[in-house]
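Chemist: Taking this note's numbering, I'd label the letters of the sequence shown as residues 13 to 162. C-beta atoms are modelled at their ideal positions from N, C-alpha and C, and glycine is treated no differently. First, the structure itself, so that you have it in front of you.
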Amino acid sequence: MSVNKVILVGRLGRDPETRYTSAGQAVANFSMATDETYRDRAGERQKRTEWHKIVVWGKQAEIAQKYLKKGSLIYLEGRIQSREYTDRDQNKRTSFEIVCNRFQMLGGRGNGGAPSMGGAADEMEAPAAAPGGAEEMGAGADVSDEDIPF
Numbered sequence: 013m014s015v016n017k018v019i020l021v022g023r024l025g026r027d028p029e030t031r032y033t034s035a036g037q038a039v040a041n042f043s044m045a046t047d048e049t050y051r052d053r054a055g056e057r058q059k060r061t062e063w064h065k066i067v068v069w070g071k072q073a074e075i076a077q078k079y080l081k082k083g084s085l086i087y088l089e090g091r092i093q094s095r096e097y098t099d100r101d102q103n104k105r106t107s108f109e110i111v112c113n114r115f116q117m118l119g120g121r122g123n124g125g126a127p128s129m130g131g132a133a134d135e136m137e138a139p140a141a142a143p144g145g146a147e148e149m150g151a152g153a154d155v156s157d158e159d160i161p162f
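Dropping the structure here:
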């Protein structure tokens with residue numbers, strides 16, 4: 013048995029870009045930043061930001077296009093998927109992306125205030141806050157522009 017599950021809480025680095033397949037299915041792409049704070053060996057506080065490529069399909073892609081904007085704080089669940097391609101110099105490259113199957117906006121009305129965005133089973137209710145609490149991660153009412161990692 014194996015498990016491929018990702019849970020992220022972070023901010024969008026850009027507005028979602030939505031396209032439609034030839035079959036008419038929507039697909040949205042956007043980037044998302046997560047960050048962590050730690051102390052280095054010298055005891056100084058450091059901040060590291062990771063960027064993630066996110067792909068959302070179907071009705072959720074349309075909802076993402078409508079409600080999500082650059083800087084939006086979201087909770088999402090999905091899976092990691094790799095994609096191999098050949099670059100301009102004919103080198104083989106591998107890219108990793110998160111295929112989102114469920115997301116929820118966090119941060120209240122100032123952040124769009126949209127309802128929970130369920131996955132394939134809309135009856136599943138997304139958590140009210142991320143595990144560990146969004147407040148703990150700096151997502152409280154006192155978030156300033158300096159807290160956004162871009």
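Give me, in chain order, the residues of the same chain whose beta-carbon lies closer than 6 Å to that of ASP99; leave out the 5 immediate sequence neighbours on both sides.
Modeler: Walking along the sequence shown from the start, residue 99 turns up at place 87. Same-chain partners within the cutoff: ARG105.
Chemist: Report buried or exposed for PHE108, applying the criterion of at least 16 other Cβ atoms within 10 angstroms of its Cβ.
Modeler: Against the sequence shown, residue 108 aligns to sequence position 96. So PHE108 counts as exposed.
Chemist: Between the stretch 15-25 and the stretch 50-57, do at least 3 Cβ pairs fall closer than 8 Å?
Modeler: no
Chemist: Is LEU24 a contact residue of the ligand ADP, with contact defined as CB to any heavy atom under 7 Å?
Modeler: Questions concerning the ligand ADP fall outside what the structure shown contains, since it holds no ligand whatsoever.
Chemist: Could you name the residues of the same chain whose beta carbon sits closer than 7 Å to that of GLY7, not counting the 5 residues immediately before and after it, in chain order?
Modeler: With the chain covering only 13 through 162, there is no way to say anything about residue 7.
Chemist: Between the alpha carbons of ASN123 and ILE75, how many angstroms are there, rounded?
Modeler: Taking the sequence shown and counting its residues from 1, the one referred to as residue 123 is at position 111. Taking the sequence shown and counting its residues from 1, the one referred to as residue 75 is at position 63. Only weak support exists for where ASN123 lies, its pLDDT of 45 falling under 50; the coordinates are left without a value.
Chemist: Less than 8 Å between the beta carbons of GLU89 and VAL18, yes or no?
Modeler: For this step, residue 89 is matched to residue 77 along the sequence shown. For this step, residue 18 is matched to residue 6 along the sequence shown. Cβ atoms of GLU89 and VAL18: closer than 8 Å.
Chemist: Within this structure, are the beta carbons of VAL68 and ALA40 separated by less than 8 Å?
Modeler: For this step, residue 68 is matched to residue 56 along the sequence shown. For this step, residue 40 is matched to residue 28 along the sequence shown. Yes. Within cutoff.
Chemist: How many angstroms separate the CA atom of GLN72 from the CA atom of GLY55?
Modeler: Taking the sequence shown and counting its residues from 1, the one referred to as residue 72 is at position 60. Taking the sequence shown and counting its residues from 1, the one referred to as residue 55 is at position 43. Distance from the CA atom of GLN72 to the CA atom of GLY55, rounded to whole angstroms, is 43 Å.
Chemist: With distances taken between CB atoms, is the gap from GLN116 to ILE92 smaller than 8 Å?
Modeler: Indexing the sequence shown from 1 puts residue 116 at position 104. Indexing the sequence shown from 1 puts residue 92 at position 80. No; because the gap between Cβ atoms is not below 8 Å, this pair is not in contact.
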